[in-house]
DNA sequence: CGATATATGTCAATAATGCTGACGTATTTA
DNA sequence: TAAATACGTCAGCATTATTGACATATATCG
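See below:
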């Protein structure tokens, strides 16, 4: 007891701080939307579906499952509910008729807007409060935290802003 | 009533990207620990309790509730379970005997280590892959995302490592 | 001292999210 | 034609979180 098993203390402290930044930022980021959802008898899962379907109109169910990282049974309840209540439309795929391509109805877009307005304002304020370099740093660290295969989602196509740092990122142990 | 159906599109794209960075980084950050927890019949809530009690030895139940942002009834089951199974100790407060000060047992510390080892490695790698400036930027943005009152947790007291970088962080508008 | 507030715990009911496992159907591909 | 794929669904179970009501011990105030 006199001798606490310490990892390298200064480094460990920095790491723990980042863990906590992630925890608290995520916690505060989601609470407001959760409150709005509760009033409509929806949950966070509905928000995620509406967000990503809005973001990627015409996406397949599989693509959505991969993004959410859940099973089709779990998605089923939520998606089925959104479809039945007129927030999401399913259209049979043209090239592959087994697919159900997803898109938001006007009602769905309305809900998406309602849910993310506060979140976008929050992020927007955070962006405006820092320098462009800070924003780049934020992105670099977030990309470093996620899995390699998830990272492709940001690094491949056009979406990414940037950053020289990316080149330094190692593949991950 | 409301006017702009569209925010300025380029800006909106950057904001959405940050929202997604937050979502995917958090998702990937938690999955491994969740798997370990599942094997022991524990959930993410147990992880959070063990993490924060380990971080703030001797903390009160109220302090933990405030950090977690949940109700005491929700905490009760999880905390009670951890206490009964010997991961967490409760000691009656000295100055205020109504308080139950929380701390980890050796078994609790072991569990905490098991759960966060992978997470710390993940964050550590992300830190090493970027410049000190990027890290500062990451912190600034994360602090900007969280609520004002949550931010005090990082900006006020000692808990912070320290780092010359800290000095550059602005108090926030 | 007595009233009241605080710190904590507990019981009960309810809801949302997620999982595994087992089937079923339509459609595409080999 | 057989196998693989995309999707859906039913059933059962665990975890996390909620509200509301009530209980106990201790502190503090008038």
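Protein chains in written order, with my numbering: chain D, 1 to 173; chain A, 1001 to 1173.
All C-beta atoms, glycine included, are put in the ideal place defined by N, C-alpha and C.
For residue 90 of chain D, the first and last residue of its enclosing beta strand (DSSP E): 88-92
Against chain D, does residue 1053 of chain A count as a neighbour if the rule is that its beta carbon must be under 8 angstroms from one of theirs? Chain D, which has no Cβ nearer than 8 angstroms to the Cβ of residue 1053 of chain A, makes this no.
Relative to the C-alpha of residue 35 of chain D, which candidate in D/138, D/116, D/134, D/123 has its C-alpha closest? Closest in C-alpha terms to residue 35 of chain D, from the list D/138, D/116, D/134, D/123, comes D/116.
Looking at chain D, which residues of the stretch 1020-1044 of chain A have a Cβ within less than 9 angstroms of any of its Cβ atoms? 1020, 1021, 1022, 1023, 1024, 1025, 1026, 1027, 1028, 1029, 1031
On the three-state DSSP scale, how would you describe residue 1146 of chain A? coil
Report the three-state DSSP secondary structure of residue 1153 of chain A (helix, strand or coil). In the structure shown, residue 1153 of chain A sits in a helix (DSSP, three-state: H, G or I).
Using CA coordinates, which residue listed in D/31, D/44, D/68, D/123 is at the minimum distance from residue 1144 of chain A? D/123
Check the C-beta distance from residue 21 of chain D over to residue 1059 of chain A and give it rounded, since I have them as a contact under 8 angstroms. Not a contact, Cβ separation roughly 19 angstroms.
Is residue 134 of chain D near residue 1137 of chain A, with beta carbons less than 8 angstroms apart? yes
Is the stretch 100-107 of chain D touching the stretch 42-60 of chain D in the sense that three or more CB pairs, one from each, lie closer than 8 angstroms? Judged by pairs of C-beta atoms under 8 angstroms, the stretch 42-60 of chain D touches the stretch 100-107 of chain D, as three or more such pairs exist.
Which value, in whole angstroms, describes the spacing of the CA atoms of residue 1098 of chain A and residue 1087 of chain A? Using only the alpha carbons, I get a separation of about 21 angstroms.
For residue 1097 of chain A, the three-state DSSP class (helix, strand or coil): coil
Please compile the residues from chain A whose C-beta is within a distance smaller than 9 angstroms of the C-beta of residue 150 of chain D. Correct list: 1024, 1025, 1027, 1028.
Limits of the unbroken alpha helix (DSSP H) element including residue 1110 of chain A: 1106-1128
Excluding five sequence neighbours on each side, which residues of the same chain lie with their C-beta closer than 6 angstroms to the C-beta of residue 89 of chain D? 103, 105
Cα-Cα separation, residue 1012 of chain A to residue 1043 of chain A: 35 angstroms
Roughly how many whole angstroms lie between the Cα atoms of residue 91 of chain D and residue 84 of chain D? 14 angstroms
With residue 1054 of chain A as the anchor, note down where its alpha helix (DSSP H) starts and where it stops. Where residue 1054 of chain A is concerned, the enclosing alpha helix (DSSP H) starts and stops at 1044-1055.
Where the alpha helix (DSSP H) containing residue 1174 of chain A begins and where it ends: Here chain A covers residues 1001 to 1173 and nothing more, so residue 1174 of chain A does not appear.
Are any of the Cβ atoms in chain D nearer than 8 angstroms to that of residue 1183 of chain A? The structure shown has nothing for residue 1183 of chain A, since chain A only spans 1001 to 1173.
Given that residue 1094 of chain A touches chain D, what residues does it touch there, using C-beta distances under 8 angstroms? Going along chain D, no residue has its Cβ under 8 angstroms from residue 1094 of chain A, so there is no contact; the nearest lies around 19 angstroms.
Going by the CB atoms, is the gap between residue 1016 of chain A and residue 32 of chain D shorter than 8 angstroms? Contact flag unset, no.
I believe residue 1150 of chain A touches residue 28 of chain D by the beta-carbon criterion, under 8 angstroms. Please report the beta-carbon distance rounded to the nearest angstrom. About 6 angstroms separates the two Cβ atoms, so the contact holds.
Measure the Cβ-Cβ separation of residue 1018 of chain A and residue 127 of chain D and say whether it is below 8 angstroms. yes
Can you tell me which of D/139, D/120, D/114 puts its alpha carbon nearest to the alpha carbon of residue 38 of chain D? D/114
Using 7 angstroms as the cut-off, classify the Cβ of residue 125 of chain D as near or not near the heavy atoms of the ligand NAD, replying yes or no. Within the structure as shown, the ligand NAD is missing, as the structure has no ligands at all.
What three-state label does DSSP hand residue 13 of chain D in the structure shown? helix
Among the candidates A/1120, A/1108, A/1063, whose CA atom is the shortest distance from the CA of residue 1153 of chain A? A/1063
Candidates A/1081, A/1125, A/1131, of which the one nearest residue 1108 of chain A by Cα: A/1081
DSSP-derived helix/strand/coil call for residue 103 of chain D: strand
Would you please verify whether the beta carbon of residue 63 of chain D is less than 8 angstroms from any beta carbon of chain A? Contact of residue 63 of chain D with chain A is not assigned, every C-beta pair being separated by 8 angstroms or more.
Looking at chain A, which residues of the stretch 129-146 of chain D have a Cβ within less than 8 angstroms of any of its Cβ atoms? Per Cβ criterion, the list reads 129, 130, 131, 133, 134, 135, 136, 137, 138, 139, 140, 141, 142, 143, 144, 145, 146.
Between the alpha carbons of residue 1094 of chain A and residue 1078 of chain A, how many angstroms are there, rounded? About 25 angstroms.
Can residue 1130 of chain A and residue 140 of chain D be called in contact, C-beta distance under 8 angstroms? Judged by beta-carbon spacing, residue 140 of chain D lies within the 8 angstroms limit of residue 1130 of chain A, meaning their Cβ atoms are closer than that value.
Pairwise C-alpha distance: residue 100 of chain D and residue 1072 of chain A: Spanning the two alpha carbons is a distance of roughly 43 angstroms.
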